[in-house]
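Chemist: Chains as they are written, first to last, in our numbering: chain A, 1 to 120; chain B, 1 to 84.
Backbone N, C-alpha and C define an ideal beta-carbon position, used for all residues, glycine too.
1. Can you check the segment 43 to 115 of chain A for any beta strand (DSSP E) of at least 3 residues that lies completely inside it and give the ranges in chain order?
2. What residues in its chain sit with their C-beta under 6 Å from that of residue 72 of chain A, if we drop five residues either side in the sequence?
3. Applying the 10 Å Cβ sphere with the 16-neighbour rule, what's the burial state of residue 106 of chain A?
4. Taking buried to mean at least 16 other C-beta atoms within 10 Å of its own C-beta, is residue 152 of chain A buried or exposed?
5. Could you tell me whether any Cβ in chain A is nearer than 8 Å to the Cβ of residue 65 of chain B?
6. Within 8 Å (strictly less), CB to CB, does residue 73 of chain B reach chain A?
7. Answer yes if the segment 43 to 63 of chain B comes into contact with the segment 75 to 90 of chain A, meaning at least three C-beta pairs across the two stretches below 8 Å, and no otherwise.
8. With a threshold of 8 Å between beta-carbons, can residue 58 of chain A be considered close to chain B, or not?
9. Which of the three DSSP states is assigned to residue 71 of chain B in this structure?
10. In whole angstroms, what separates the C-alpha of residue 68 of chain A from that of residue 102 of chain A?
11. Quick test of your reading: residue 66 of chain A and residue 38 of chain A, contact by CB under 8 Å. State the CB separation rounded to the nearest angstrom.
12. For residue 44 of chain B, which residues of its own chain have a beta-carbon under 6 Å away from its beta-carbon, when the five flanking residues on both sides are left out?
13. Which residue comes first and which comes last in the alpha helix (DSSP H) that contains residue 52 of chain B?
14. Going by DSSP in three states, residue 10 of chain B sits in which element: helix, strand or coil?
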């Protein structure tokens, strides 16, 4: 039978998730776990933005506030599967969303060097 | 004559322009609920294209953005429920 060749394809996503307001002091361990999962898929975090405490539009688990964290990252194509399972199991994360930004992502280092050459 | 006067009174042709086409700096993004809020009514329902004048291309992106914003509690599913 014909075998489909394995291709390591990098993609870029963004995620926005809410940490439980009573357990904000544990947010560092959540972020560490996030980074660990992303790096296990040969990826990295490109941008990390903590929005801080915000009022929710509707109560979640009877809470009216939440700690928002936004992250942009890249990695191999099966990364969101593992991230999703982590978000779903972890009780500190109340709500999450993962959105795909790029189908094909190439590491920036090469392109930035090329740009420099062009400008010079 | 009467008919003509009535017709003239009845119709006020006012051209509605898509906000996002007019202003290219306005980006539809689920992370910016301030922009999306103006396309909801008091109950939190998405307004029809006819009411706001957005073009089909941007309306498609708008509805998707609004639904995403609802998931992460940036916009309400039902606005009747007030949080104190």
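Modeler: In this structure, then:
1. List check, beta strand (DSSP E) in window: 44 to 60, 63 to 76, 93 to 102.
2. 14, 46, 47
3. exposed
4. Examination of residue 152 of chain A is not possible in this model, given that chain A is present from 1 through 120 alone.
5. no
6. yes
7. Contact between the segment 75 to 90 of chain A and the segment 43 to 63 of chain B is absent, with fewer than three C-beta pairs closer than 8 Å.
8. yes
9. helix
10. Their backbone Cα atoms lie some 23 Å apart in a straight line.
11. Contact flag wrong, Cβ pair sits at about 22 Å.
12. 76, 78, 79
13. Segment 49 to 52, the alpha helix (DSSP H) holding residue 52 of chain B.
14. helix
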